[in-house]
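Visitor: Numbering (the numbering used here), first residue to last: 1 to 156.
I have a structure here, written as structure tokens, and I will follow up with some questions on it.
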Amino acid sequence: MPYLQAVVNEVLRMKPIAPLAIPHKTVNDTTLMGLKIDKGTAVMVNIYAVHHDPKVWDHPERFMPERFMNENARNVSMAMEQSFLPFGAGRRICAGMELGKVQVGLTLANLINRFEWVAADGDGPDMTDDFTALLRMKEPLVAGITLRTNLGTTFS
């Protein structure tokens, strides 16, 4: 299950549901990277750009769940930890974050356990993005699904 959770985290990193976080307002005059930002300025974080920053993520375009793993689950660098924002950050972070992470992992585990999955065209999915308010695949995912019959357990 630790590898499955790493897969979920990597999917959330590569394909955040909303590429832009909800707007925040600055509460004080501040400076960010030399740019003066006045109190009350609306600020939007580009989560997609943060999740694909090569200064933080090695090979950000590659699917590498291993980046979220080690023997103690503490190997994630501080920069990576602060740059992993699939549910937003700060006081406006998604209230359902913990439930969502658990639910996605359990649902995925059950789907993998119960069904055989193959790419319908044999080459794998086209992962090209269609950028709108929500991040979605340009071409719909098409897969062949077969119920596994050799699970050895029957439920009544």
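For glycine and all other residues, C-beta sits at the position ideal for the given N, C-alpha and C.
Please read all numbers here as calculations on a predicted model, not as lab measurements.
Taking 8 Å as the cut-off, does the segment 55–71 touch the segment 26–45 (at least 3 CB pairs, one atom from each stretch)?
Guide: no
Visitor: With 16 as the cutoff for other CB atoms within 10 Å, does N72 come out buried or exposed?
Guide: The count along the sequence shown starts at 1 and reaches residue 72 at position 72. Annotation note: pLDDT 43 at N72 (below 50); position unreliable, coordinate value reported separately. With fewer than 16 Cβ atoms within 10 Å of its Cβ, N72 is classed as exposed.
Visitor: State the DSSP-derived secondary structure class of H51, mapped to helix, strand or coil.
Guide: For the purposes of this step, residue 51 is taken as the residue at position 51 of the sequence shown. Residue state, collapsed to three classes: helix.
Visitor: Verify whether the separation of the beta carbon atoms of L85 and A21 is less than 9 Å.
Guide: Here the question's residue 85 lines up with position 85 in the sequence shown. Here the question's residue 21 lines up with position 21 in the sequence shown. Result yes, Cβ atoms of L85 and A21 sit closer than 9 Å.
Visitor: With a 10 Å radius around its C-beta and 16 neighbouring C-beta atoms as the bar for buried, classify M44 as buried or exposed.
Guide: On the sequence shown, position 44 is the one that residue 44 refers to. Exposed.
Visitor: How long is the line joining the alpha carbons of H24 and T146, rounded to whole angstroms?
Guide: Start at 1 with the first residue of the sequence shown, and residue 24 comes out as number 24. Start at 1 with the first residue of the sequence shown, and residue 146 comes out as number 146. H24 and T146: Cα-Cα distance of roughly 45 Å.
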